[in-house]
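Only one structure is covered here, and it is reproduced in the block below.
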Ligand SMILES: Nc1ncnc2c1ncn2[C@@H]1O[C@H](COP(=O)(O)OP(=O)(O)O)[C@@H](O)[C@H]1O
Ligand SMILES: [Mg+2]
């Protein structure tokens, strides 16, 4: 349905988005995963026609949207990264306003307003001023404001940044429901891999303006099929023990956090006896040992050598 | 456009204090400064050294005080003399039955004016005295006054255009000046909502909605116009109808000028908006620049005092000077539409140019 072709944006000589190709089919839920500054928001702004690409194109059903943005705007609901509301108005008044500018018919606007308030769980507090809301509640109103006109495609830009777990779960549940029960196509942007893992069937991973990996969750995880991940906890750590562990044959990477080591090794290689030996030679005990399932975070780490939150 | 205006209105209803404060401010300022003007009445101590001093003083006091420019106060002789010596009073007057003596520290122009006035009172009284002979002076005075009111010859000063030569009214100019000046702030702060919307992201949401760009601008600008105009109308109506100030022959024309001024100010605020990035910036810059406008426009002074060509050129770039000119022409000189066409056209011109440049700057900024 929506497709980008070599989509690029250059800000003052800096490539914020670099020849991105992605597609979204009707009814899909797509994740756009990447660390801060990867170019996610810029990509979304171009898809939603708020920003003109430096080069490349955004197509809706094969037709370019750049010259004629009206059509794609009609089917989009965009939840911006920042809280784009009138904070001096109540949640209800905000939604009424956005419903009106979206030409939602007068006779159904009230009902729609109550529906979306119900959906984001703010029905009871609709008469309160948005500026008195917590960050999480504001984010929920921010989402609700994009739902009034029942968009076919919902684009969310990091809708869960900096909020309490309860609001976060509510938002994730709302998006899941919209996709699974109402058939809304979803493009979900985040730098939290758990959210994308949980919500999206297909994921694009971005870094430095480029798509570095794409595919279904399983496809992406299979990138890691040649590796094992082991988490060990030690009684204490020292630089020397870390060096010794790194020196072990078939161990590819070691990350230290506090007293635990995260070890990535070649799949099926038996490193255990070497590991125990290395640790005990430093008079340190191994207090916990665990094989871990790899996540998209590990995929990102594998591809870029950095964690998503670096 | 209407949902946008409705939303702005709901915001303002919650915090209407700025507009209310500025409205009250206009009235208060005019009041305070008008009062100061009235306090210029000069006090002149009077006393008599005659044996029947009380009688003499009481005879002249009401006659002298028939004029409003001076306040003649019966004072003890010694006190009056020290007042003059200390400079508290320009002059004092020693009264006798049918003569007077001016006591002054120096012969200034003010003393001369008092002297002239007192002289005219005494001369008139002497004439009345002579005319009534042995009869009652007061009866003669009444007769003369009655006669003067229906005199067969009436003297009138006429201007070239045939009307009365009116006195320039500084109070009125200050009234108009403060009213428009404070409305400039209201208008500016309302137009600033455009920048707020841009920064908050509401603007982008509106762009994605079916509302047109024109509708978005029109909503904000028309709303700013309405609030600004309403403030001016309320203040002027209070002065005209409640406090009985004489705002001239045609209140409708006054309001038309106010409307054109408001329009032009909305545009000027848009021009400012084109140069700034955040609403906070606007709130810093706009209120620091605007107070200069009435000063260089000569609102606080009688007309003709600003002769510096650069200053008056700069003042001409702002709508205020043209609005005041038109308002004063209507209120004092009973000007008709033809006579105020020029200031109206100039204000509209400022409006069109500022709006064009302003909107272009804003649109270019967003790319
Ligand atoms: N308007 C802009 N002007 C200049 N640089 C920008 C602008 N918007 C974004 N950038 C830069 O482009 C890059 C990508 O930004 P963004 O798309 O916001 O990333 P993300 O949403 O993934 O965090 C960043 O380096 C950012 O600094
Ligand atoms: Mg972003």
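Protein chains in written order, with our numbering: chain A, 2 to 311; chain B, 9 to 375.
The beta carbon of each residue, even a glycine, is placed where N, CA and C say it ideally should be.
* Asked: Straight-line CA distance for residue 198(B) to residue 278(B)?
  -> Translated into positions along the second chain, residue 198(B) becomes position 190. Translated into positions along the second chain, residue 278(B) becomes position 270. If you take the alpha carbons of residue 198(B) and residue 278(B), they lie about 10 Å apart.
* Candidates 187(B), 78(B), 111(B): which alpha carbon is nearest residue 39(B)'s? -> Walking along the second chain from the start, residue 39(B) turns up at place 31. Closest by alpha carbon: 187(B).
* To do: Evaluate residue 16(B) with the Cβ neighbour count: other Cβ atoms within 10 Å of its Cβ, from every protein chain shown; 16 or more gives buried, anything less gives exposed.
  => Taking the second chain and counting its residues from 1, one reaches residue 16(B) at position 8. Counting Cβ neighbours within 10 Å, residue 16(B) comes out buried, since at least 16 surround it.
* **CB contact flag (residue 49(A), residue 82(A), <8 Å)** => Indexing the first chain from 1 puts residue 49(A) at position 48. Indexing the first chain from 1 puts residue 82(A) at position 81. No.
* Beta-bridge partners of residue 289(A), as assigned by DSSP -> In the first chain, the residue the question calls residue 289(A) occupies position 288. DSSP output for residue 289(A) lists 234(A) as bridge partner(s).
* Verify whether the separation of the beta carbon atoms of residue 207(A) and residue 35(A) is less than 8 Å. => For the purposes of this step, residue 207(A) is taken as residue 206 along the first chain, with counting starting at 1. For the purposes of this step, residue 35(A) is taken as residue 34 along the first chain, with counting starting at 1. Yes, the Cβ-Cβ distance between residue 207(A) and residue 35(A) is below 8 Å.
* Outcome for residue 336(B) when other beta-carbon atoms lying within 10 angstroms are tallied against a minimum of 16 -> Your numbering for residue 336(B) matches position 328 in the second chain. Buried: at least 16 other Cβ atoms inside 10 Å.
* Asked: Between the region 210-238 of chain B and chain A, which residues of the former have a C-beta closer than 7 Å to a C-beta of the latter?
  -> 210, 212, 213, 214, 215, 216, 217, 218, 219
* If you run the structure through DSSP and keep just helix, strand and coil, what is residue 109(B)? -> Taking the second chain and counting its residues from 1, one reaches residue 109(B) at position 101. The answer is strand: DSSP assigns residue 109(B) an E or B state.
* Asked: residue 197(A) touches chain B at which residues, Cβ-Cβ below 8 Å?
  -> Along the first chain, read from residue 1 onward, the residue named residue 197(A) stands at position 196. The premise fails here: residue 197(A) is roughly 23 Å from chain B at the closest Cβ pair, so nothing lies under 8 Å.
* To do: Please confirm whether residue 222(A) and residue 285(A) have their CB atoms less than 8 Å apart.
  => Locating residue 222(A) in the first chain gives position 221, counting from the first residue. Locating residue 285(A) in the first chain gives position 284, counting from the first residue. No, Cβ-Cβ distance for residue 222(A) and residue 285(A) is not below 8 Å.
* Asked: Checking contacts by CB at 8 Å: is residue 39(A) closer than that to chain B?
  -> In the first chain, counting from the first residue as 1, residue 39(A) sits at position 38. Not closer than 8 Å to any Cβ of chain B, the Cβ of residue 39(A) fails to qualify, so no.
* Looking at the C-beta of residue 267(B), does it have a partner C-beta in chain A at a distance below 8 Å? -> Counting from 1 along the second chain, the entry for residue 267(B) is found at position 259. No, residue 267(B) does not count as interfacial toward chain A.
* To do: Using the Cα positions of residue 33(B) and residue 260(B), report the straight-line distance between them to the nearest angstrom.
  => Residue numbering aside, residue 33(B) sits at position 25 when the second chain is read from its first letter. Residue numbering aside, residue 260(B) sits at position 252 when the second chain is read from its first letter. Going from the Cα of residue 33(B) to the Cα of residue 260(B) covers about 23 Å.
* Cβ distance (whole Å) where residue 272(A) is taken to contact residue 289(A) below 8 Å -> Reading the first chain from its first residue, position 271 is the one you call residue 272(A). Reading the first chain from its first residue, position 288 is the one you call residue 289(A). With a Cβ gap of about 16 Å, residue 272(A) and residue 289(A) do not count as contacting.
* Evaluate residue 227(B) with the Cβ neighbour count: other Cβ atoms within 10 Å of its Cβ, from every protein chain shown; 16 or more gives buried, anything less gives exposed. => Counted from its first residue, the second chain places residue 227(B) at position 219. Its Cβ being crowded by 16 or more others within 10 Å, residue 227(B) is buried.
* Where does residue 126(A) sit, in a helix, a strand or coil, going by DSSP? -> Here residue 126(A) refers to the residue found at position 125 when the first chain is read from its first residue. Correct three-state label for residue 126(A): helix.
* Cα-Cα separation between residue 355(B) and residue 275(B), rounded to whole angstroms -> In the second chain, residue 355(B) corresponds to position 347, counting from 1. In the second chain, residue 275(B) corresponds to position 267, counting from 1. If you take the alpha carbons of residue 355(B) and residue 275(B), they lie about 10 Å apart.
* Report the rounded CA-to-CA distance for residue 86(B) versus residue 144(B), giving the unit in angstroms. => Translated into positions along the second chain, residue 86(B) becomes position 78. Translated into positions along the second chain, residue 144(B) becomes position 136. One C-alpha to the other measures close to 34 Å.
* **Span separating the alpha-carbon of residue 274(A) from that of residue 28(A)** => Residue mapping note: residue 274(A) aligns to position 273 of the first chain, counting from 1. Residue mapping note: residue 28(A) aligns to position 27 of the first chain, counting from 1. When rounded, the distance between both Cα atoms is 50 Å.
* Is the Cβ-Cβ distance between residue 185(B) and residue 265(B) less than 8 Å? -> For the purposes of this step, residue 185(B) is identified with residue 177 of the second chain, where counting begins at 1. For the purposes of this step, residue 265(B) is identified with residue 257 of the second chain, where counting begins at 1. No, they are not a contact pair.
* **Cβ-based burial, residue 56(B) [other Cβ within 10 Å; buried from 16]** => Counted from its first residue, the second chain places residue 56(B) at position 48. With 16 or more Cβ atoms within 10 Å of its Cβ, residue 56(B) is classed as buried.
* Asked: Looking at the C-beta of residue 85(A), does it have a partner C-beta in chain B at a distance below 8 Å?
  -> Start at 1 with the first residue of the first chain, and residue 85(A) comes out as number 84. So yes, residue 85(A) belongs to the interface.
* To do: Following the continuous beta strand (DSSP E) through residue 102(B), name the residue where it begins and the one where it ends.
  => As a working mapping, residue 102(B) is identified with position 94 in the second chain. Start and end: 99-103.
* Asked: In or out: residue 366(B) buried (at least 16 other Cβ within 10 Å) or exposed?
  -> One-based indexing of the second chain puts residue 366(B) at position 358. Buried: at least 16 other Cβ atoms inside 10 Å.
* Are the Cβ atoms of residue 202(A) and residue 217(A) separated by less than 8 Å? -> Residue numbering aside, residue 202(A) sits at position 201 when the first chain is read from its first letter. Residue numbering aside, residue 217(A) sits at position 216 when the first chain is read from its first letter. Cβ distance < 8 Å, so residue 202(A) and residue 217(A) count as in contact.
* Contact list for residue 372(B) against chain A, beta-carbon separation under 8 Å -> Along the second chain, read from residue 1 onward, the residue named residue 372(B) stands at position 364. Those do not exist, as residue 372(B) stays about 13 Å from chain A at its closest Cβ, beyond 8 Å.
* Determine which residues share a DSSP beta bridge with residue 31(A) and list them. => Along the first chain, one-based indexing puts residue 31(A) at 30. Partner(s): 188(A), 203(A).
* Count the other CB atoms within 10 Å of the CB of residue 295(A); is the residue buried (16 or more) or exposed (fewer)? -> As a working note, residue 295(A) is residue 294 in the first chain. Per the 10 Å Cβ criterion, buried.
* Just how far apart, CA to CA, sit residue 170(B) and residue 340(B)? -> Locating residue 170(B) in the second chain gives position 162, where the first residue counts as 1. Locating residue 340(B) in the second chain gives position 332, where the first residue counts as 1. Only weak support exists for where residue 170(B) lies, its pLDDT of 49 falling under 50; the coordinates are left without a value.
* **the region 157-165 of chain A / the region 173-193 of chain A touching (three or more Cβ pairs under 8 Å)** => yes
* Listed by chain order, chain B residues near residue 104(A) by CB distance under 9 Å -> Position 103 of the first chain, counted from the first residue, corresponds to residue 104(A). Ordered by position in chain B, the residues that pass the 9 Å Cβ test against residue 104(A) are 217, 218, 219.
* According to DSSP, residues forming a beta bridge with residue 256(A) -> Mapped onto the first chain, residue 256(A) falls at position 255. Per DSSP, 263(A).
* Have a look at residue 364(B) and residue 357(B) and give me their C-alpha separation to the nearest angstrom. => Along the second chain, one-based indexing puts residue 364(B) at 356. Along the second chain, one-based indexing puts residue 357(B) at 349. Using only the alpha carbons, I get a separation of about 11 Å.
* Buried or exposed for residue 127(A), please, with buried defined as at least 16 other CB atoms from any protein chain shown within 10 angstroms of its CB. => In the first chain, counting from the first residue as 1, residue 127(A) sits at position 126. The residue in question, residue 127(A), is buried, as its Cβ has 16 or more Cβ neighbours within 10 Å.
* Taking Cβ positions, are residue 52(B) and residue 112(B) nearer each other than 8 Å? -> Within the second chain, the letter at position 44 stands for residue 52(B). Within the second chain, the letter at position 104 stands for residue 112(B). No; because the gap between Cβ atoms is not below 8 Å, this pair is not in contact.
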